[in-house]
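Colleague: Just passing along the structure, written as structure tokens.
4 protein chains.
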Amino acid sequence: MVIRTVVWGENVHEQTSQVVADLYPDGMHGAIAASVQSAGISATTATLQEPEHGLSEDRLTQTDVLLWWGHAAHGDVDDAIVERVARHVHAGMGLILLHSAHFAKIFKRLMGTPCNLTWREAGERERLWVTSRNHPIAVGLPDHFELENEEMYGEPFGVPEPLETVFISWFQGGEVFRSGLTYKRGAGNIFYFRPGHETYPTYYDTNVQQVLRNAIHWAHNPAPRVLDVDAAPNVPTHQALEPLTQKGARPHKDGEAGLR
Amino acid sequence: MVIRTVVWGENVHEQTSQVVADLYPDGMHGAIAASVQSAGISATTATLQEPEHGLSEDRLTQTDVLLWWGHAAHGDVDDAIVERVARHVHAGMGLILLHSAHFAKIFKRLMGTPCNLTWREAGERERLWVTSRNHPIAVGLPDHFELENEEMYGEPFGVPEPLETVFISWFQGGEVFRSGLTYKRGAGNIFYFRPGHETYPTYYDTNVQQVLRNAIHWAHNPAPRVLDVDAAPNVPTHQALEPLTQKGARPHKDGEAGLR
Amino acid sequence: MVIRTVVWGENVHEQTSQVVADLYPDGMHGAIAASVQSAGISATTATLQEPEHGLSEDRLTQTDVLLWWGHAAHGDVDDAIVERVARHVHAGMGLILLHSAHFAKIFKRLMGTPCNLTWREAGERERLWVTSRNHPIAVGLPDHFELENEEMYGEPFGVPEPLETVFISWFQGGEVFRSGLTYKRGAGNIFYFRPGHETYPTYYDTNVQQVLRNAIHWAHNPAPRVLDVDAAPNVPTHQALEPLTQKGARPHKDGEAGLR
Amino acid sequence: MVIRTVVWGENVHEQTSQVVADLYPDGMHGAIAASVQSAGISATTATLQEPEHGLSEDRLTQTDVLLWWGHAAHGDVDDAIVERVARHVHAGMGLILLHSAHFAKIFKRLMGTPCNLTWREAGERERLWVTSRNHPIAVGLPDHFELENEEMYGEPFGVPEPLETVFISWFQGGEVFRSGLTYKRGAGNIFYFRPGHETYPTYYDTNVQQVLRNAIHWAHNPAPRVLDVDAAPNVPTHQALEPLTQKGARPHKDGEAGLR
Chain A
0 MVIRTVVWGE NVHEQTSQVV ADLYPDGMHG AIAASVQSAG ISATTATLQE PEHGLSEDRL
60 TQTDVLLWWG HAAHGDVDDA IVERVARHVH AGMGLILLHS AHFAKIFKRL MGTPCNLTWR
120 EAGERERLWV TSRNHPIAVG LPDHFELENE EMYGEPFGVP EPLETVFISW FQGGEVFRSG
180 LTYKRGAGNI FYFRPGHETY PTYYDTNVQQ VLRNAIHWAH NPAPRVLDVD AAPNVPTHQA
240 LEPLTQKGAR PHKDGEAGLR
Chain B
0 MVIRTVVWGE NVHEQTSQVV ADLYPDGMHG AIAASVQSAG ISATTATLQE PEHGLSEDRL
60 TQTDVLLWWG HAAHGDVDDA IVERVARHVH AGMGLILLHS AHFAKIFKRL MGTPCNLTWR
120 EAGERERLWV TSRNHPIAVG LPDHFELENE EMYGEPFGVP EPLETVFISW FQGGEVFRSG
180 LTYKRGAGNI FYFRPGHETY PTYYDTNVQQ VLRNAIHWAH NPAPRVLDVD AAPNVPTHQA
240 LEPLTQKGAR PHKDGEAGLR
Chain C
0 MVIRTVVWGE NVHEQTSQVV ADLYPDGMHG AIAASVQSAG ISATTATLQE PEHGLSEDRL
60 TQTDVLLWWG HAAHGDVDDA IVERVARHVH AGMGLILLHS AHFAKIFKRL MGTPCNLTWR
120 EAGERERLWV TSRNHPIAVG LPDHFELENE EMYGEPFGVP EPLETVFISW FQGGEVFRSG
180 LTYKRGAGNI FYFRPGHETY PTYYDTNVQQ VLRNAIHWAH NPAPRVLDVD AAPNVPTHQA
240 LEPLTQKGAR PHKDGEAGLR
Chain D
0 MVIRTVVWGE NVHEQTSQVV ADLYPDGMHG AIAASVQSAG ISATTATLQE PEHGLSEDRL
60 TQTDVLLWWG HAAHGDVDDA IVERVARHVH AGMGLILLHS AHFAKIFKRL MGTPCNLTWR
120 EAGERERLWV TSRNHPIAVG LPDHFELENE EMYGEPFGVP EPLETVFISW FQGGEVFRSG
180 LTYKRGAGNI FYFRPGHETY PTYYDTNVQQ VLRNAIHWAH NPAPRVLDVD AAPNVPTHQA
240 LEPLTQKGAR PHKDGEAGLR
């Protein structure tokens, strides 16, 4: 079975910065999609500028794992599309947040926290350490790998305690950061991965590419999407699994929907 | 030190249902506040109908732990107030969600999930089992206790995996439910506690009252509220903790705010 | 790739109880192995009575996932074999503990806790509820399923907080139990699954069989086993990743092994 | 209420190394005990060389939180004492593991994993970052603090995923380490804290002392110790909470103890 991924790119810096345009001539989303494409993974792209940001209901229904890169235009993402993506994650779609997507609406929506951090653009050295040996997302990687030039993100990182911490970064300037974190929200697996600043060739790094392919396999939930993922069905007394007699007052009549 | 709590009550059923009005003549919020008041806990109330729902910035600043009961009017809670409460939780205020508050905006906001479940109003027996021995929230309780008449809530409960599962309920009609769950969001401790349907005398039960007092002590974070809890400060290269030389292009100028 | 499993059975009740012998003529291990055998899973068996309990170093090296059923003879399992199995789990072998294996030496060894519970043999009804929707271990299952006759296990269950709670059981006699729990110890995935008392036909139940097959797929870590999984290598100062000057006294000479 | 702590010291380097003897003339345990002593904390010491290593049943019964420092003589600690300490932790005693105690028998016993890491004695700079804002163990600390000379410990750290990661260390030589981790085993709170090499004045650092005092308050479980913490009581059918009829065969007679 081939995992169907969509790489969502904000596609703004590519139009406004010569450095970024030169580095990623097919867009960052294009470079990322090309790098994860493989025997078991098909990758297409979607961007902010497309109708519905390229994330129609139909498209998401046919997406197993969504990768998200954004930075300059988080505020331009339509709230209705954010809710749509959240609902698909709850129902089982995988989601991988890249770098500055820590401030994407969809990440903050799913985490329930500010998702903030400290930062510095000095092109310094970052060294990622694997903290969960042989975790599926770390398969095939050495115990550590380096990116010679990256933006720094520093702790405290304003996210909930993760299910698992897979990578922690060391920065030349003296900071550390939890760079690979797993979460589950509903039936959807979520992975945040730190590196990927737009002015550095991070997405051409083979270790980074390996992480992304691993993460796609990990995030993929092959079960059918959960239907009506936010339904709250009433179980009438006469249909209870064990015999029951109705007792006491109740605000709802039989068959009435619950209050929200 | 006395822990300052506010019991927030929606205060709707009390006005519209004779059963609820008779059961809780001072309102559910009034009954809850009276039951937790003790040597170490002071309790006041706030309701939906007050200006700013009784939750002004000043009030929240002076609140250590907020308890929340709502059911019929979740949709009437002002989104701006929800954000204000979320921000205080992130900064360190404790939050205790009661029963039907599983669908409160503030709970869904902080969990990032649908928070749905199955339900039945049959006045059936509920038996809560302690699953985390001597957890601070279970102190002084037996291994299990019963509520002879309660609404049923059933799994699957659409919440993230908790930090800890403190109680699990058995229902006469055949369901189970994770009835006591802990979370942390930012510096704020969050506890969800299941029982408390408006038509039953649950808040007069001494075990339930013990849980609430325990939970208030557990949720209380005595550290000063975190200032600027969603700030994302830049650390300029020349102020790095270790000596650094600026390398490569960067989208931001010195001192510029980050993108959101 | 076919997942290589070994079903370890204590094989004592089968020899001493006519009820068990009649119910499981090929042994419980035999019945379990037959039920999980499938296109993607090969299953062999091992028993307490074999040399090295059937778990030689060679055998474990070629085992992807080990399933463990024991009850009457936990104390007869050789401590050296327990350590060997623990080491393979740390290095990446999956482990699935069945029912009364909650008291198996290997489970207590890996959990670090008493792993105790309450129990009753009344042949009562058990109903398992899925608490983690579309979790890989719950794939293809309804929201709940029943076993008409089972032993009861009740909370509090003396285990560490799990990574995820996948199933919770309702018992006719009034108890609840966390019946499906996931853990990771080193590179090894661990799943505890409650049902499976020797005097009932639990392992012929199709839902139970589905859980076991799902759990095998989930527990399988395809990465190569970690070598020297408990090594604590010294990194000499002159080989540090960043330039370092030796400072201060040190108990160890260059190249000396650390203290244990 | 004053929290009664015991600081357990191996007390070997103090006798064999002039550097350590000069640095800690009252022993490392003596220095640690002196530093945590305060209005709310009483501290005594115990050492390997005392009868029962100073940890008699009576002593542990009257200990709220035990701190443990060991390095050169882990193997000399009596297995029976390790089990005794483990049992007290399960029953509710707090436990704080210091530095090289990552390889103490009691830590490996409670974690179920190798607890290994990489290491270097170069007297390099360590900088600890708070990753859980306003966590009770981080109260009163800045976002980061430095130890100018410390031993390096590097990831991967062979421990289970913690409940919470409170500190992460940055090392001058290029490594990172999860330096403050919380666990719960039974009713006992456990905290591992990394710094504290015997040849450096770490325990005189005021931030380190603050962490230890915070950790003692956090680890303290004021509930009475759980009695019979590994009991597995039978609940006879006729005493079930809900009416039950005995069905099917059962290996045990009424009142018989379970199998272990």
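Order-wise, the sequence lines are chains A, B, C and D.
Using numbering that gives the first Met the number 0, the first residue of the first sequence is number 0, and each one after it goes up by one.
Using numbering that gives the first Met the number 0, the first residue of the second sequence is number 0, and each one after it goes up by one.
Using numbering that gives the first Met the number 0, the first residue of the third sequence is number 0, and each one after it goes up by one.
Using numbering that gives the first Met the number 0, the first residue of the fourth sequence is number 0, and each one after it goes up by one.
Idealized CB from N, CA, C, for every residue including glycine.
How big is the Cα-Cα spacing for GLN36 of chain A and ALA42 of chain A?
Modeller: For GLN36 of chain A and ALA42 of chain A, the distance between alpha carbons rounds to 6 Å.
Colleague: Name the chain A residues whose beta carbon is nearer than 7 Å to that of ALA222 of chain C?
Modeller: Going along chain A in sequence order, the residues near ALA222 of chain C (Cβ under 7 Å) are ASN133, VAL138.
Colleague: Residues in the segment 156–175 of chain C with C-beta within 8 Å of chain B's C-beta atoms, listed in sequence order?
Modeller: The residues in question are PHE156, GLY157, GLU160, LEU162, GLU163, THR164, ILE167, SER168, TRP169, PHE170, GLY173, GLU174, VAL175.
Colleague: Tell me the rounded alpha-carbon separation between THR117 of chain B and HIS70 of chain B.
Modeller: In a straight line, the C-alpha of THR117 of chain B is about 15 Å away from that of HIS70 of chain B.
Colleague: Would GLY122 of chain B and GLY247 of chain A qualify as a contact pair, given that the criterion is a beta-carbon distance under 8 Å?
Modeller: In contact: GLY122 of chain B and GLY247 of chain A (Cβ atoms closer than 8 Å).
Colleague: Can you list, in chain order, the residues of its chain with a C-beta nearer than 7 Å to that of ALA20 of chain C? Leave out the 5 residues immediately preceding and following it.
Modeller: Closer than 7 Å at Cβ, skipping near neighbours: GLU13.
Colleague: Taking DSSP as the reference, what is the three-state secondary structure of LYS107 of chain D?
Modeller: If DSSP states are grouped into helix, strand and coil, LYS107 of chain D belongs with the helices.
Colleague: Let me make sure I understand the geometry here. Which of A:LYS252, A:PRO141, A:ILE189 has the alpha-carbon closest to that of ASN206 of chain A?
Modeller: Checked all of A:LYS252, A:PRO141, A:ILE189; the closest Cα to ASN206 of chain A is A:PRO141.
Colleague: Chain D partners of ALA186 of chain B, CB-CB under 9 Å?
Modeller: Near ALA186 of chain B (Cβ distances below 9 Å), the residues of chain D are SER131, ARG132, ASN133, HIS134.
Colleague: Quick check on VAL210 of chain C - is its C-beta less than 8 Å from some C-beta in chain A?
Modeller: With 8 Å as the cut-off, VAL210 of chain C does not count as an interface residue toward chain A.
Colleague: Indicate the three-state DSSP secondary structure (helix, strand or coil) for ASN213 of chain C in the structure shown.
Modeller: Residue state, collapsed to three classes: helix.
Colleague: Please report the Cβ distance between ASN133 of chain C and VAL225 of chain A, rounded to the nearest whole angstrom; I am assuming they are in contact, meaning their Cβ atoms lie under 8 Å.
Modeller: Right, their Cβ atoms sit about 6 Å apart.
Colleague: Does any C-beta atom of chain C lie closer than 8 Å to the C-beta of GLY91 of chain A?
Modeller: For GLY91 of chain A, the answer is yes, since a Cβ of chain C falls inside 8 Å of its Cβ.
Colleague: Expressed to the nearest angstrom, what Euclidean distance is found between the alpha-carbon atoms of THR181 of chain A and ASN213 of chain C?
Modeller: So the alpha carbons of these two residues sit roughly 21 Å apart.
Colleague: Verify whether the separation of the beta carbon atoms of PHE192 of chain B and PHE176 of chain B is less than 8 Å.
Modeller: Contact flag unset, no.
Colleague: Less than 8 Å between CB atoms is the rule here; does ARG119 of chain D satisfy it with respect to chain A?
Modeller: No, no contact with chain A.
Colleague: Strictly under 8 Å for the Cβ-Cβ distance: is ARG126 of chain A near chain C by that measure?
Modeller: It does; some Cβ of chain C falls within 8 Å.
Colleague: Are the beta-carbon atoms of THR46 of chain D and VAL5 of chain D separated by less than 8 Å?
Modeller: Cβ distance not < 8 Å, so THR46 of chain D and VAL5 of chain D don't count as in contact.
Colleague: The alpha helix (DSSP H) that contains SER34 of chain C, what's its start and end?
Modeller: Taken as a continuous stretch (DSSP letters only), the alpha helix (DSSP H) holding SER34 of chain C covers 26–35.
Colleague: So which residues on chain D does LEU240 of chain B lean against when the C-beta distance must stay under 9 Å?
Modeller: Ordered by position in chain D, the residues that pass the 9 Å Cβ test against LEU240 of chain B are ARG126, HIS143, GLU145, TRP169.
Colleague: PRO200 of chain A and SER178 of chain A look like a contact to me (Cβ under 8 Å); what is the Cβ gap, rounded to whole Å?
Modeller: Their Cβ separation, rounded to whole angstroms, is 18 Å, which puts PRO200 of chain A and SER178 of chain A out of contact at 8 Å.
Colleague: Relative to the C-alpha of LEU311 of chain C, which residue among C:GLU163, C:TRP128, C:GLU82 is closest?
Modeller: Missing from the structure shown is residue 311 of chain C; chain C here goes from 0 to 259 and no further.
Colleague: Cβ closer than 8 Å: which chain C residues qualify as neighbours of HIS251 of chain D?
Modeller: Neighbours of HIS251 of chain D on chain C, chain order: GLU120.
Colleague: Measuring CB to CB, does LEU146 of chain B end up less than 8 Å from GLU125 of chain B?
Modeller: Yes. Within cutoff.
Colleague: When you compare the CB positions of ALA230 of chain A and GLY173 of chain B, do they come within less than 8 Å of one another, or not?
Modeller: Their beta carbons are not under 8 Å apart, which means ALA230 of chain A does not touch GLY173 of chain B by this criterion.
Colleague: How is PHE170 of chain C classed by DSSP in three states: helix, strand or coil?
Modeller: Correct three-state label for PHE170 of chain C: strand.
Colleague: By the 10 Å Cβ neighbour count, where 16 or more other Cβ atoms means buried, how is GLU197 of chain B classified, buried or exposed?
Modeller: GLU197 of chain B is buried by the Cβ-count criterion.
Colleague: Measure the C-alpha to C-alpha separation of HIS89 of chain D and LYS107 of chain D and round it to an integer number of angstroms.
Modeller: If you take the alpha carbons of HIS89 of chain D and LYS107 of chain D, they lie about 14 Å apart.
Colleague: Rounded to whole angstroms, what is the Cα-Cα separation between LEU162 of chain D and GLU160 of chain C?
Modeller: Their Cα atoms are separated by approximately 8 Å.
Colleague: So is GLU154 of chain C in contact with chain B if we call contact Cβ pairs under 8 Å?
Modeller: Taking Cβ atoms only, chain B reaches closer than 8 Å to GLU154 of chain C, which makes this a yes.
Colleague: Who are the neighbours of GLY257 of chain C on chain D, taking C-beta pairs under 7 Å?
Modeller: Per Cβ cutoff of 7 Å: TRP118.
Colleague: Which residues does DSSP list as the beta-bridge partners of ARG3 of chain B?
Modeller: Bridge partners of ARG3 of chain B: B:SER41.
Colleague: Please work out which residues of its chain come closer than 6 Å, Cβ to Cβ, to ARG128 of chain A, disregarding the five sequence neighbours upstream and downstream, and give them in chain order.
Modeller: Residue identity differs from the one stated: residue 128 of chain A is Trp in this sequence, not Arg. So the list reads HIS143, ILE167, once near-sequence residues are dropped.
Colleague: Are HIS98 of chain B and CYS114 of chain B closer than 8 Å when you measure CB to CB?
Modeller: Their beta carbons are not under 8 Å apart, which means HIS98 of chain B does not touch CYS114 of chain B by this criterion.
Colleague: Return no unless some Cβ of chain D is closer than 8 Å to the Cβ of VAL234 of chain B.
Modeller: Closer than 8 Å: no.
Colleague: Considering only their Cβ atoms, is the gap separating GLY29 of chain D from THR15 of chain D smaller than 8 Å?
Modeller: Against a cut-off of 8 Å, the Cβ pair of GLY29 of chain D and THR15 of chain D comes out as no contact.
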